[in-house]
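Asks: For the sequence shown, the positions run -27 to -1, 1 to 828 when mature numbering (1 follows the signal peptide of the UniProt record, and there is no 0) is used. Every residue gets a Cβ at the ideal spot worked out from N, C-alpha and C, and that includes glycine. The following block contains the structure, expressed as structure tokens.
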Amino acid sequence: MMVMEKHGLSFFIFSLLPSLLLLGVLVDERHVMGVQEAPTANIPVLPVGVVLDLGSPVGEMAERCMSIAVSDFYASNALYRTRIALVTRDSSTDAVTAASAAIDLIKNEQVLAIIGPQRSSQANFVIDLGGKAQVPIISPSATSPSLYSARRKYFVRTALDDSSQVKAMASIIQAYGWREIVLVYEDTEYGNGLVPYLLDALQEIDTRVPYTSSIPLSFTDTQITRELKNLKEKRKSIFLVHTTAMLGSRLFLLAKEAGMMDTGYAWLVTQELSAKLDPMRESAMDSMQGVIGVRPYIPLSKELDNFKSRWRKKWSSNKGNSKIIEHKLSLFGLWAYDTVWAIARAVENAGIVHSSFVKQNSTRHTVNVDLAVLGVSENGPRLLSSILNTTFKGLSGDFHLEKGERVSSAYEIFNVVGNTERALGYWRAENGLSRNLDKNISTRMEYSVSRSNLKQPIWPGDTTEQPKKLRIGVPLRSGFGEFMKVEWDSRNKPTFSGFSYDVFLAVIDALPFPFPCKFVPFVNETKQSAGTYNDLLYQIKLKSYTASLASMLTVQQLKPTFDDINEIKRHGYLVGVQKDSFVKEFLIKQLKFDETNLKEYVTPEEYRDALKNGIHNGGVAAIFDEIPYVKRFISLYCSKFKMVGPTYKTDGFGFHVAVEMKFPHPYQAFPIGSPFVPYISRAILNVTEDKDKMEIIERKNFGEATTCEDQGIPSSSSGLGLSSFGGLFIITGVASLFSLLTYILSFLYSNWPVTDIREEQAETSFWLRVIELAKHFDKKDPPDLGLERNNSRIHPVTGPDESTGIFPDTVSDDTQNDPVLVSNNIEGVEEHAGAEEAHRIATAEDTTFPLRTYA
């Protein structure tokens, strides 16, 4: 009997075991998957509104994250005395529907707070509604900086403001040495809101934005493709994209079709697009290979790993031999999760047990308008204060608000490779770019924008070669290899050497930023010169090359016999020039040489033979070339030739920098408006003024310097002597003499004969007249009283108030009976004013004055 009972009990327990296991699974499922437990009857349930675009992947993902957050929070805080319940409304894609949903939640559901709306373009009116009803509007996804305002105190942003990322973007651009970048942005309130911040940040690092492309959401694929082709035709290759995921996915698909995701291009994307890469379609991710982006750094944690694991289990399905995650997780989902935790914690801390609104007094004009009957939340101010003071460690990192905005800690810099985003490094406001986020290291490091602090990215076209390397065109010349020499190795790869090349490298090292460049020989398929120097400059105009590398554009005349260039031209003697040099065109256009009298040479040996043979044996009378080549030639043949005559300087072609010195620096020709010109100019001066560095380069390429005696050539161009200004002196002297003579004649005409000489001395006192004339000349001119001469006018005479001002011609009614002067005769003046006044007026010649009357 006892045995039977024992077996029966065992059978009973064994039969209940599946049910117990099933119950355990259900309990665990309720905890893990976020199914909300029914609250105890004594615990108040407070409504919290949610406004999302449930038709979008991001909106659907955020709703699921918030639902799980409610379950997880109260599973971890079962003893809390309050509960929140989410009341969700679909905002679709437009602002009107979002505003309508907010009104419904405030008016009919009397929610404590509203999470949302999803888009920045929908947020403005909803935020104003929240302020009117004193209902906190808490957004984990509206990131536009234009939404923030100190007056909008009921708006709380639990996402990061887009403007917080601009310094990180600027640091990346600095690290890769890009001095020009094209800004592509969405033509919406969201897209336009960040543009001023980006432009200011780029201006601070001296990076130009020569072109901006704004793309409205209404653009068709054809219109977007047309804009991309326009950028391609402008030879733009570095782009910074600021769009939403909806437009961004279309943009990159079309960019790939246009061939703009290949080698030579670089694309940077901002936080909005970076944070939503995971929910994108695989086709969109495939088109973004090589893109670099920044996004807020999410620290790793056990809680985050656990959440991701549960998410994958819940929203994955088997298709074939692989698992497909139907609802991908992104940063905005984590922010939404933490937002729910923040609200639930704030409600508990504030001790809010009910949600109620106070109705506003309505007038007969507003009684039927929804906005007027929203009411004001009684608990809104208390809840807002509690939210702003809430801090905790969430899935997305430390949750901390300042002035209603989430505080950024660090940004992650990543590279899209395959279906993943590979971390390249991090950015902090304290120390800039770094490969890791070791807090102990970051506090000791100075701010850095060095590319070495980032891992090697994979660029579009599946290459590690950085896009937008400056193409430096190198002309190929057979002679004077000491200055520039191009050779090809066994792998058919060009190698460069020479004085100009070494100085150019020194200039690059002196620049304050990275200067990635690629030297490209200016040759054809047979490795022969592809044209003259002018042809190379034309390629710069066409932007086939960024700059050219050659010697400086300063020409010095070299001739062994003749001392006058005009003599050479007058007799039609032949002169030599270096082949493919600009000097030939300079002689034809500037010095007016006949092209048939010019002969081209290549090597110093050819120079020697041409000058040695002279004009009678098939040689030349002189050779014109640039100073560096002439000096090198003279150093080889000191005793046989010498350099004479003036130096001719030219500005060259296009925009360039040229400075004369003992040895030339490399000559740079950049397109007009190039941002590199001022930096290269300063770097050239710094290098050329460093005598030690220049001597090392000179010895490397020319050996020990040789001094040629009795050359008779100054170190610079012919100086200016007194004779150089002879014409100017003649012109100035003639003009001065003419002015003096004119003045003397005018003076004699006005003052001769001298009236102070008595008539009896008139015939015998010429010198006395001259002396008196000199005395008269030495007298000061009478003061200019600004009055007309020899012009009788009628003026009212003032009363006895001693006023002496100039009076108007018209006579007022009060002065019609006053005496008036109708003559400018001095005698008349004396009758009215007395002798003293008459003498004063007489000294001013015959000028008419208003007169005083005397009692």
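#1: Less than 8 Å between the CB atoms is what I'm expecting for Phe305 and Ser93, so what's the real figure, rounded?
#2: Just mark Val8 as buried or exposed, buried being the case when its beta carbon has 16 or more other beta carbons within 10 Å.
#3: Ordered along the chain, which non-local residues of its own chain (more than five positions away) have a Cβ less than 6 Å from that of Tyr546?
#4: Just list the beta strand (DSSP E) runs in the region 77 to 118, keeping only unbroken ones of 3 residues or longer that don't cross its boundaries, in chain order.
#5: If you check the beta carbons only, do Ile88 and Ala75 fall under 7 Å apart?
#6: Give the single residue among Leu347, Met261 and Ala71 whose Cα lies nearest to the Cα of Glu394.
#7: Would you give the residue range spanned by the alpha helix (DSSP H) that Asp582 belongs to?
#8: Let me check understanding here. Comparing Cα to Cα, which of Glu206, Lys205 and Ile197 lies closest to Gly221?
#9: Need the endpoints of the alpha helix (DSSP H) that Phe128 sits in, please.
#10: Take Val157 and list the residues in its own chain whose beta-carbon comes closer than 6 Å to its own, dropping the five residues that flank it on each side.
#11: How long is the line joining the alpha carbons of Ala483 and Ala656, rounded to whole angstroms?
#12: Let me make sure I understand the geometry here. Which of Gly446, Tyr474, Pro272 and Glu438 has the alpha-carbon closest to that of Leu455?
#13: Count the other CB atoms, across all protein chains shown, that sit within 10 Å of the CB of Ser712; report buried if there are 16 or more and exposed otherwise.
#14: Would the beta-carbon of Met234 fall within 7 Å of that of Ala228?
#15: Grab the span of the alpha helix (DSSP H) containing Asp173 for me, first residue to last.
#16: In terms of DSSP beta bridges, what is Pro467 paired with?
#17: Quick one: what does DSSP say Arg762 is sitting in, helix, strand or coil?
#18: What residue range is occupied by the uninterrupted alpha helix (DSSP H) comprising Asn674?
#19: Are Gly398 and Ile386 touching if we call contact CB-CB under 7 Å?
#20: Answer with buried or exposed for Leu273, where buried requires no fewer than 16 other C-beta atoms within 10 angstroms of its C-beta.
#21: How about Lys500 and Arg444: are their beta carbons less than 7 Å apart?
#22: Looking at the secondary structure, which residues open and close the beta strand (DSSP E) in which Cys490 lies?
#23: According to DSSP, what are the bridge partners of Thr61?
#24: Report the residue from Trp288, Leu609, Ala309 and Asn203 whose alpha carbon sits nearest the alpha carbon of Arg581.
#25: Do Asp101 and Thr66 have their C-beta atoms within less than 7 Å of each other?
#26: Have a look at Leu714, Phe649, Asn352 and Phe675 and flag the residue whose alpha-carbon is nearest the alpha-carbon of Thr180.
#27: Using 10 angstroms around the beta-carbon of Phe495, count the other beta-carbons present and answer buried if the total reaches 16, otherwise exposed.
#28: Start and end of the beta strand (DSSP E) containing Asp598?
#29: Might you give, ordered along the chain, the residues of its own chain that have their beta carbon closer than 7 Å to the beta carbon of Ala141, omitting 5 neighbours on each side?
#30: For Asn15, which beta-bridge partners are listed by DSSP?
#31: What does the Cβ neighbour count give for Pro109, buried or exposed, with the cut at 16 atoms within 10 Å?
#32: With distance defined between alpha-carbon atoms, name the residue in Pro189, Ser191, Tyr184 and Leu190 nearest to Asn203.
#33: Could you give the residue range of the alpha helix (DSSP H) that holds Leu220?
#34: Please list, in chain order, all residues of the same chain as Leu571 whose beta carbon is under 7 Å from its beta carbon, the five residues on each side excluded.
#35: Using C-beta distances below 7 Å, list every residue in its chain close to Val(-1), excluding the 5 sequence neighbours before and after it, in chain order.
Replies: On the basis of the supplied data:
#1: At roughly 12 Å, the Cβ-Cβ gap does not stay under 8 Å, so Phe305 and Ser93 are not in contact.
#2: Its pLDDT being 40, under 50, Val8 is placed unreliably by the model, and the measurement read from it follows with that caveat. Looking at its Cβ environment, which holds fewer than 16 other Cβ atoms inside 10 Å, Val8 is exposed.
#3: Ile588 and Ala594
#4: 110 to 112
#5: no
#6: Met261
#7: Taken as a continuous stretch (DSSP letters only), the alpha helix (DSSP H) holding Asp582 covers Pro577 to Asn586.
#8: Ile197
#9: That residue, Phe128, is in no alpha helix (DSSP H); its beta strand (DSSP E) goes Phe128 to Arg130.
#10: Ser186, Phe212 and Val214
#11: 6 Å
#12: Reading off the sequence, residue 455 comes out as Glu, not Leu. Comparing Cα-Cα distances from Glu455 to each of Gly446, Tyr474, Pro272 and Glu438, the minimum goes to Tyr474.
#13: Counting the other CB atoms within 10 Å of its CB gives Ser712 a total below 16, which places it among the exposed residues.
#14: yes
#15: Glu162 to Glu177
#16: Trp461
#17: Since pLDDT at Arg762 reaches only 44, below the 50 mark, its modelled position is unreliable, and no value is offered.
#18: Annotation for Asn674: the continuous alpha helix (DSSP H) segment containing it runs Lys664 to Phe675.
#19: yes
#20: exposed
#21: Not in contact: Lys500 and Arg444 (Cβ atoms no closer than 7 Å).
#22: Here the beta strand (DSSP E) through Cys490 covers Cys490 to Phe495.
#23: Val23
#24: Leu609
#25: no
#26: Phe649
#27: A buried status is given to Phe495, since no fewer than 16 other beta-carbon atoms sit within 10 Å of its beta-carbon.
#28: Ala595 to Glu599
#29: Val267, Tyr384 and Trp400
#30: Answer is none; Asn15 lacks a bridge partner.
#31: buried
#32: Tyr184
#33: Ala218 to Glu230
#34: Listed in chain order, the non-local C-beta contacts of Leu571 below 7 Å within the same chain comprise Val548, Val550, Lys557 and Leu560, local neighbours out to five positions each way being set aside.
#35: Low local confidence applies: a pLDDT of 37 at Val(-1) is under 50, so the model's placement there is unreliable, and no value is given.
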